[in-house]
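What follows is a single structure, written as structure tokens, with notes after it.
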Amino acid sequence: MDVTDYASDLEEARREAALDAHRAVQDLFASRVSATHCESCGEAIPDARRVVLPGVERCVVCQGYHERMVR
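Using the numbering used here, the final residue of the sequence shown is 130, and nothing's skipped along the way.
This is the structure in structure tokens:
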């Protein structure tokens, strides 16, 4: 096995590991149930947001505020 083959195999293994990790996270989130109302302000969370982000707990405005406060 030459250096090129080794590099190719290593890149493929790393790509597969990254894809496996991504799939695991997606599966974790897909199994979560989204809240119907924001836990911060109580407003309804639009269905489109709940479908795109399984497990969502806040509306867009409150999530943005929360992310800025956590930093």
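Cβ coordinates follow ideal geometry from the N, Cα and C atoms, glycine included.
Identify, in the order they occur along the chain, each residue of the same chain with its Cβ nearer than 7 Å to the Cβ of His-96, setting aside the five sequence neighbours on each side.
Along the sequence shown, read from residue 1 onward, the residue named residue 96 stands at position 37. Within the same chain, His-96 has close Cβ partners Glu-102, Ala-103, Ile-104.
At the level of alpha carbons, what is the spacing between Val-129 and Gly-114?
Locating residue 129 in the sequence shown gives position 70, counting from the first residue. Locating residue 114 in the sequence shown gives position 55, counting from the first residue. Those two C-alpha atoms are separated by around 19 Å.
Identify whether Ala-94 lies in helix, strand or coil by the three-state DSSP scheme.
The residue you call residue 94 lines up with position 35 of the sequence shown. Of the three classes helix, strand and coil, the one that applies to Ala-94 here is coil, per DSSP.
Work out the CA separation of Val-120 and Leu-69 for me, nearest whole Å.
On the sequence shown, position 10 is the one that residue 69 refers to. On the sequence shown, position 61 is the one that residue 120 refers to. In a straight line, the C-alpha of Leu-69 is about 42 Å away from that of Val-120.
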